[in-house]
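Asker:
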Amino acid sequence: MADKVIDARGSFCPGPMMELIRAVKEAKVGETIAVLSTDSGSKRDIPLWVQKAGHELVGVIEHEGYDEIVVRKLR
Amino acid sequence: MAQERLSMVVFSGTLDKLMPVGILASGAVAMGLEVNIFLTFWGLLAFRKGAAQSLPISKEYEAMAEQMKQIMAEKKVPSFLDNLRTAKELGNVKVYACGMTMDLFGLKLEDLEDVVDGVVGVGEFITTAKEGKMTLFI
Chain Y
1 MADKVIDARG SFCPGPMMEL IRAVKEAKVG ETIAVLSTDS GSKRDIPLWV
51 QKAGHELVGV IEHEGYDEIV VRKLR
Chain R
1 MAQERLSMVV FSGTLDKLMP VGILASGAVA MGLEVNIFLT FWGLLAFRKG
51 AAQSLPISKE YEAMAEQMKQ IMAEKKVPSF LDNLRTAKEL GNVKVYACGM
101 TMDLFGLKLE DLEDVVDGVV GVGEFITTAK EGKMTLFI
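Sequences listed follow chains Y and R, in order. Quick note, the first sequence lines up with residues 1 to 75 if you use this note's numbering. Quick note, the second sequence lines up with residues 1 to 138 if you use this note's numbering.
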């Protein structure tokens, strides 16, 4: 279970990614954050951002009708 | 290494062309770029306080105007101003008004939305843009 869950379902690109970036900024190093998203762009964009920003992509879980993307803050 | 940068000349003042300005700025910030925006002519007039609420759609897409506005309201799509505010909060985004347009229409910085950082000349914008790899004209 992630330390924090952001429910960005219904929010459009780049909403879920921007909400995640904000949450990661506020989180402590080592914490995990899950973002729930119905936006198709975010599923591809968020892993790119995670790589670029130097965090860890814990997983992308496909649920019925939405995705759950889990990220661990590394720095 | 110098900071990578996306520059945009925003000339158009129609809603459909301003939406991508906010979205592209957000994407650029997310991917670690700084953003340099130059508002000129119709693009600048769209940033007058309150103007964003009643912007038209480009002539060539006019047939879709009502449908687009309805879908955006129904699905609560953030406005281009809100997208720019988020981008500014999370990264280095500078929005500048074109001095020439300001003079032409007798505008002052306080007549513009709070996302606008200042007034610059075209020379200053070009000087900043030339160090970046990407410049868009919208």
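Cβ coordinates follow ideal geometry from the N, Cα and C atoms, glycine included. These numbers come from a predicted model, not from an experiment.
So is R/Val122 buried or exposed if we call it buried at 16+ other beta carbons inside 10 Å?
Answerer: Its Cβ having fewer than 16 others within 10 Å, R/Val122 is exposed.
Asker: Could one say the Cβ of R/Ser26 lies closer than 8 Å to chain Y's Cβ atoms, at least one of them?
Answerer: With 8 Å as the cut-off, R/Ser26 counts as an interface residue toward chain Y.
Asker: Between which two residues does the beta strand (DSSP E) harbouring R/Lys133 extend?
Answerer: No beta strand (DSSP E) contains R/Lys133, which DSSP labels as neither H nor E.
Asker: What in chain R is Cβ-close to Y/Arg22, meaning under 7 Å?
Answerer: Residues of chain R passing the Cβ test: Leu90.
Asker: When the distance is taken between beta carbons, is R/Pro56 closer than 8 Å to R/Thr86?
Answerer: No; because the gap between Cβ atoms is not below 8 Å, this pair is not in contact.
Asker: So which residues on chain R does Y/Pro14 lean against when the C-beta distance must stay under 7 Å?
Answerer: In chain order: Ile23, Ser26, Gly27, Ala30.
Asker: Within this structure, are the beta carbons of R/Tyr96 and R/Val115 separated by less than 8 Å?
Answerer: No, the pair does not count as a contact, with Cβ atoms beyond the cut-off.
Asker: In the DSSP assignment, find the beta strand (DSSP E) that holds Y/Met18 and state where it starts and stops.
Answerer: Element bounds for Y/Met18: not the beta strand (DSSP E) but the alpha helix (DSSP H), 15 to 26.
Asker: So which residues of chain R does Y/Lys52 contact, with C-beta pairs closer than 7 Å?
Answerer: Residues of chain R passing the Cβ test: Met31, Gly32.
Asker: Leaving aside the five residues before and after Y/Arg81 along the sequence, list all residues of the same chain whose C-beta is less than 7 Å from its C-beta, in chain order.
Answerer: This structure cannot settle anything about residue 81 of chain Y, because the visible part of chain Y is limited to 1 through 75.
Asker: DSSP state of R/Ser26, grouped into three classes?
Answerer: R/Ser26: helix per DSSP, three-state reduction.
Asker: Checking the sheet assignment: what are the DSSP bridge partners for R/Lys94?
Answerer: Its beta-bridge partners are R/Asn36.
Asker: Express the C-alpha separation of R/Ser79 and R/Val93 in angstroms, rounding to a whole number.
Answerer: Straight-line Cα distance between these residues: approximately 17 Å.
Asker: So R/Pro78 contacts chain Y; which residues on that side make the cut at Cβ distance below 9 Å?
Answerer: Ordered by position in chain Y, the residues that pass the 9 Å Cβ test against R/Pro78 are Ser11, Phe12, Gly15.
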